[in-house]
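If you're matching positions, the sequence shown starts at 1 in full-length UniProt numbering and goes up one per residue. Structure, as structure tokens:
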Amino acid sequence: MTTHTHHTDQQTAEPGGGGTRVAVVTGGSRGIGRAVARKLAEDGLAVVVNYARGTAAADETVAAITGTGGRAVAVQADVAEEKEVAALFDRAEEEFGGVDVVVNAAGQMRLAPIADLDLAALDAMHRTNIRGTFVVARQAARRLRAGGAFVGVSTSVVGTQFPTYGGYAASKGAVEAMTLIMARELRGRDISVNTVAPGPTATDLFLDGKTAEEIDRLAKTPPLERLGTPEDIAAVVAFLGSPAGHWVNGQVLRANGGLV
């Protein structure tokens with residue numbers, strides 16, 4: 001595991017000092033994860049930007065945060081590897097003094113009909129989406145401070161049931177299944193657990209491999225008649241991670257412009 005740190009002396013004088021809340025965002029170097037990291041930083045949280053690969057993208061996310069006066073570090077870890085995720089949380093505690101919000105935005109998507117989906121692709125997707133969520137949730141359950149929040153990321157396709165999404169929707173259905181269970185297991189800890197299920201969102205992950213016609217058709221499907229943006233999803237995640245959203249607990253929130 002490697003780490004990349006960007007900060008000023010002033011920002012690190014008192015780790016976690018002044019009541020600063022601290023967020024760990026997995027998959028924080030691109031797409032929805034990057035938008036979440038930036039939004040949480042704008043809201044005053046210190047952010048640990050986790051990434052699996054692509055150091056430059058993670059550094060860009062950190063630089064965007066620190067360039068506007070925020071606090072952030074980038075930490076590489078495979079979300080499915082328990083020791084790497086434990087070290088990720090260790091780094092958050094060492095750098096900023098604790099963990100208050102955990103957002104698991106890391107994910108993989110491989111699309112094909114069930115009859116044709118390569119099983120190696122299925123295994124890789126489930127390793128990140130199911131095992132990765134579980135490993136990150138384990139550390140969150142052990143380490144989140146009182147008043148904290150865990151936010152998982154699913155997909156509205158669990159509800160819309162589009163063809164070719166069978167393997168992906170199955171992996172995200174597992175994320176949704178954990179949500180209320182984890183909330184109940186953390187009874188008495190003052191920690192909320194929720195999952196956001198985006199609809200079609202204009203990220204590289206979503207747009208990859210789709211034709212302009214497919215993208216246009218999907219954009220017109222919700223009543224709001226557009227694709228979601230990473231910032232749309234980040235706003236929902238930030239609400240669920242905030243004191244204002246703390247009474248929402250054990251829920252799967254479909255953020256999709258009315259797509260059904």
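Every residue, glycine too, gets a C-beta built ideally from N, C-alpha and C.
Endpoints, the alpha helix (DSSP H) within which residue i is located
| i | result |
| --- | --- |
| Q251 | Here Q251 belongs to no alpha helix (DSSP H), and DSSP marks it neither H nor E. |
| F206 | D204 to L207 |
| P230 | P230 to G241 |
| Q161 | Per DSSP, Q161 belongs to no alpha helix (DSSP H) and is neither H nor E. |
| T61 | T55 to T66 |
| A115 | Unbroken run through A115: none, as it is neither H nor E. |
Anticipated Cβ contact below 8 angstroms, residue i with residue j, distance rounded
| i | j | result |
| --- | --- | --- |
| S192 | V175 | Not really, about 16 angstroms apart at Cβ, beyond 8 angstroms. |
Contacts around residue i, its chain only, beta-carbon distance under 6 angstroms, and the 5 residues preceding and following it disregarded
| i | result |
| --- | --- |
| L45 | R21 and A23 |
| A197 | S154, T155, S156, V252 and R254 |
| A58 | S29, V49, Y51 and A74 |
| A140 | V102 and F150 |
Rounded separation between residue i and residue j - CA only
| i | j | result |
| --- | --- | --- |
| V25 | V36 | 8 angstroms |
| G147 | L180 | 17 angstroms |
| G209 | A52 | 22 angstroms |
| R184 | L144 | 15 angstroms |
| A72 | A87 | 16 angstroms |
| D90 | E214 | 43 angstroms |
| E93 | L119 | 38 angstroms |
| V102 | G19 | 17 angstroms |
| G67 | I114 | 45 angstroms |
| D78 | G27 | 10 angstroms |
Where the beta strand (DSSP E) through residue i begins and ends
| i | result |
| --- | --- |
| F89 | Run containing F89: none in the beta strand (DSSP E); it sits in the alpha helix (DSSP H), E82 to F96. |
| Q76 | A72 to Q76 |
| V25 | V22 to T26 |
| V196 | S192 to P198 |
Own chain, CB closer than 8 angstroms to residue i, minus 5 neighbours either side, in chain order
| i | result |
| --- | --- |
| V260 | G159 and T160 |
| A121 | R110, A112 and G167 |
| N129 | G107, Q108, Y168, S171, K172, A174 and V175 |
> Does the count of Cβ pairs from the segment 229-245 and the segment 161-180 closer than 8 angstroms reach three?
Replying inline: No, the segment 229-245 is not in contact with the segment 161-180.
> Are three or more beta carbon pairs between the segment 54-66 and the segment 77-92 nearer than 8 angstroms?
Replying inline: Because the criterion of three Cβ pairs below 8 angstroms is not met, the segment 54-66 and the segment 77-92 do not touch.
>> Could you check whether the segment 191-209 touches the segment 221-228, counting it as contact only if at least three pairs of C-beta atoms, one from each stretch, sit closer than 8 angstroms?
In response: Yes: the two stretches touch, three or more of their Cβ pairs being nearer than 8 angstroms.
> Counting Cβ pairs, one atom from each stretch, are 3 or more of them under 8 angstroms apart for the segment 238-250 and the segment 211-222?
Replying inline: Verdict: no, contact absent.
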